[in-house]
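Visitor: Residue numbers (the numbering used here): 30 to 297. The structure follows.
In structure tokens:
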């Protein structure tokens, strides 16, 4: 969905060079949107739920829905699937880690129905697998900008004036030896080593990984995203015996995929 929207945005930007065509497109798109929003659906979808308030009455207006939809779709749509693909990739290439995760989940839950958002809160190894995957396959491999506060600030040894955008690309941090021991390798246990001075990962700067951003404008969908990832991954490893396939996809290197705002989807 996001990949297609990026292509559409490119086409829309190109049409800006032709004012007449751009005006015509602006006439048809709202008409199409109203047609879709006016349809009756046999079951409630996300749009119909957003349109209603807590009492089941009309909630958001069309204008509010249009302004909100882009945030919901871009932030909460393909990003979860992207990082889940990355997690699967690293687990397939690290059978021991996969075995540890599988054993941890299957020992805690005798039935798949027992796996829920509430019961997964105590599965520590599941959480560190997700954290390590955030580090190596950031679902949004673009920098998240912040505004320099009044009076200016100092970032990476540089004095910056106030009210300008400053950002650090996550892919310049995650593979850095300055912040992580063996940064290019998949080691979920680095996230358990904060209090273990004997661990080679003890001095890792775990706060350097901030996939949801920091500060008052950090992603407010973090709890939902984490719950989705925990639930999907736990049920996957509980139900399936997974291994790498014998095909070209076996040699896929996650870090070499083509990246725009999300990793480009490939056919396996």
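Backbone N, C-alpha and C define an ideal beta-carbon position, used for all residues, glycine too.
Using the Cβ count rule (16 or more neighbours within 10 Å means buried), how would you classify residue 166?
Guide: Here residue 166 is taken as the residue at index 137 of the chain shown, counted from 1. It is buried - the Cβ of residue 166 has at least 16 other Cβ atoms within 10 Å.
Visitor: Here's the rule: buried if 16 or more other CB atoms are within 10 angstroms of the residue's CB, otherwise exposed. What is residue 296?
Guide: Residue 296 sits at position 267 when you count from the first residue of the chain shown. Low local confidence applies: a pLDDT of 46 at residue 296 is under 50, so the model's placement there is unreliable, and no value is given.
Visitor: Taking only the alpha-carbon atoms, compute the straight-line gap between residue 146 and residue 253 and give it to the nearest angstrom.
Guide: Taking the first residue of the chain shown as position 1, residue 146 is located at position 117. Taking the first residue of the chain shown as position 1, residue 253 is located at position 224. Taking the straight line from one Cα to the other gives about 10 Å.
Visitor: Do residue 264 and residue 144 come within 8 Å of each other at the CB atom, strictly closer than that value?
Guide: Stepping through the chain shown from its first residue, residue 144 is reached at position 115. Stepping through the chain shown from its first residue, residue 264 is reached at position 235. Going by C-beta atoms, residue 144 is nearer than 8 Å to residue 264.
Visitor: Using C-beta distances below 7 Å, list every residue in its chain close to residue 261, excluding the 5 sequence neighbours before and after it, in chain order.
Guide: Reading the chain shown from its first residue, position 232 is the one you call residue 261. Result list for residue 261: 113, in chain order.
Visitor: Verify whether the separation of the beta carbon atoms of residue 237 and residue 228 is less than 8 Å.
Guide: Locating residue 237 in the chain shown gives position 208, counting from the first residue. Locating residue 228 in the chain shown gives position 199, counting from the first residue. No. Outside cutoff.
Visitor: Compute the beta-carbon to beta-carbon distance between residue 204 and residue 161, rounded to the nearest angstrom, for a pair I have assumed lies under 8 Å.
Guide: Position 175 of the chain shown holds residue 204. Position 132 of the chain shown holds residue 161. Going by Cβ atoms, the distance from residue 204 to residue 161 rounds to 13 Å, so no, they are not a contact pair.
Visitor: For residue 178, tell me which candidate among 251, 111, 188 and 172 has the shortest Cα-Cα distance.
Guide: On the chain shown, position 149 is the one that residue 178 refers to. Among 251, 111, 188 and 172, the Cα nearest to that of residue 178 is on 188.
Visitor: Beta-carbon within less than 7 Å of residue 123's beta-carbon, same chain only, minus the 5 sequence neighbours each way: which residues are those?
Guide: In the chain shown, residue 123 corresponds to position 94, counting from 1. 215, listed in sequence order.
Visitor: Using the three-state DSSP reduction, which class does residue 163 fall into: helix, strand or coil?
Guide: As a working mapping, residue 163 is identified with position 134 in the chain shown. Helix, per DSSP.
Visitor: Please determine if the stretch 147-159 and the stretch 127-136 are in contact, where contact requires at least 3 C-beta pairs separated by less than 8 Å.
Guide: yes
Visitor: Which residues in the same chain as residue 158 place their Cβ atom closer than 6 Å to its Cβ, once the five residues preceding and following it in sequence are excluded?
Guide: For this step, residue 158 is matched to residue 129 along the chain shown. Shown here for residue 158: same chain residues with a beta carbon closer than 6 Å to its own, the five before and five after excluded, namely 130 and 217 in chain order.
Visitor: Have a look at 125, 140 and 92 and flag the residue whose alpha-carbon is nearest the alpha-carbon of residue 271.
Guide: Translated into the one-based positions of the chain shown, residue 271 becomes position 242. Nearest neighbour of residue 271 by Cα position, chosen from 125, 140 and 92, turns out to be 125.
Visitor: Within 10 Å of its beta-carbon, does residue 107 have 16 or more other beta-carbons around it, so buried, or fewer, so exposed?
Guide: Residue 107 sits at position 78 when you count from the first residue of the chain shown. Buried, because 16 or more other Cβ atoms sit within 10 Å of the Cβ of residue 107.
Visitor: Could you name the residues that DSSP lists as bridge partners for residue 27?
Guide: Only positions 30 to 297 of the chain appear in the structure, and residue 27 is not among them; the question remains open.
Visitor: Buried or exposed: where does residue 183 fall if 16 or more other Cβ atoms within 10 Å of its Cβ makes it buried?
Guide: Start at 1 with the first residue of the chain shown, and residue 183 comes out as number 154. Residue 183 should be labelled exposed.
Visitor: Suppose contacts are defined by Cβ-Cβ distances below 8 Å. Is residue 176 in contact with residue 163 by that definition?
Guide: Taking the first residue of the chain shown as 1, we reach residue 176 at position 147. Taking the first residue of the chain shown as 1, we reach residue 163 at position 134. Cβ atoms of residue 176 and residue 163: not closer than 8 Å.
Visitor: Closest to residue 148 by C-alpha separation, out of 256, 210 and 168, would be which residue?
Guide: On the chain shown, residue 148 is found 119 positions in, with the first residue counted as 1. Of the listed residues, the one whose Cα sits closest to residue 148 is 256.
Visitor: By how many angstroms is the C-alpha of residue 248 removed from the C-alpha of residue 224?
Guide: The residue labelled residue 224 in the question sits at position 195 within the chain shown. The residue labelled residue 248 in the question sits at position 219 within the chain shown. Roughly 28 Å between the two C-alpha positions.
Visitor: Can you tell me whether residue 269 is buried or exposed, with buried defined as 16 or more other CB within 10 angstroms of its CB?
Guide: Working through the chain shown from its first residue, we reach residue 269 at position 240. So residue 269 counts as exposed.
Visitor: With a CB to CB cut of under 8 Å and the five nearest residues on each side skipped, what residues in its chain are close to residue 119?
Guide: Translated into positions along the chain shown, residue 119 becomes position 90. Within the same chain, 126, 161, 162, 165, 166, 215 and 283 come within 8 Å of residue 119 by CB-CB distance, once the 5 residues on both sides are set aside.
Visitor: Under the DSSP definition of a beta bridge, which residues are partnered with residue 210?
Guide: Taking the first residue of the chain shown as 1, we reach residue 210 at position 181. None; residue 210 has no bridge partner.
Visitor: For the candidate residues 121, 97, 128 and 202, whose alpha-carbon lies nearest to that of residue 240?
Guide: The sequence position of residue 240 within the chain shown is 211, counting from 1. Residue nearest to residue 240 within the set 121, 97, 128 and 202 is 202 (criterion: CA-CA distance).
Visitor: Starting from the Cα of residue 142, find the closest Cα among 128, 273, 274 and 267 and give me that residue.
Guide: Indexing the chain shown from 1 puts residue 142 at position 113. Comparing Cα positions, the closest option is 267.
Visitor: Along the chain, where does the beta strand (DSSP E) that runs through residue 183 open and close?
Guide: By one-based count along the chain shown, residue 183 stands at place 154. Going by DSSP, residue 183 is part of the beta strand (DSSP E) stretching over 182-184.
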